[in-house]
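A short worksheet on the structure shown next.
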Amino acid sequence: PFPYDVHMMISCDDAPALENAIHKSLHKQRVNRVNLRKEFFDTDINTLAEIVENHHGKVEYVANPEALQYYDSINMTSDDFDFIEETIQKIEDSSTN
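Note that the numbering used here has the sequence shown beginning at 28, numbered continuously upward.
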């Protein structure tokens with residue numbers, strides 16, 4: 028729903044093995060528990076860093092990613108959302124006329 032923020036860049040010799048270890052460690056935090064090919068997890072950056080460090084060693088990461096659209100969405104009031112929705116509707120209506 029939002030652009031991705033890069034929290035960690037990791038250079039390693041066996042990325043598939045590290046990815047597999049991360050996914051196994053976060054298995055119980057899966058967002059989609061029906062389709063296991065959807066690899067999204069409900070976790071935080073510190074937990075992820077700890078898992079990576081346990082399997083790979085020390086890494087550098089960004090603890091406060093930008094996430095502008097996400098935070099703007101959280102801070103948006105219902106009135107703001109209604110205004111945007113009305114504006115988009117006016118634009119769509121004018122383009123069909």
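All residues carry an ideal CB built from backbone N, CA and C; glycine is no exception.
Taking a contact as a CB-CB distance under 8 Å, the pair HIS34 and PRO92 counts as one, their CB atoms being some 5 Å apart. For the pair ASN124 and THR114, the Cα-to-Cα distance works out to about 16 Å.
Runs of the alpha helix (DSSP H) lying entirely within the stretch 74-118, each at least 4 residues long, are 95-102 in chain order.
In the DSSP assignment, ARG60 forms no beta bridge with any residue.
Remark: C-beta atoms of ILE72 and TYR98 do not approach each other more closely than 8 Å. Here the alpha carbon of LYS55 sits roughly 43 Å from the alpha carbon of GLU119.
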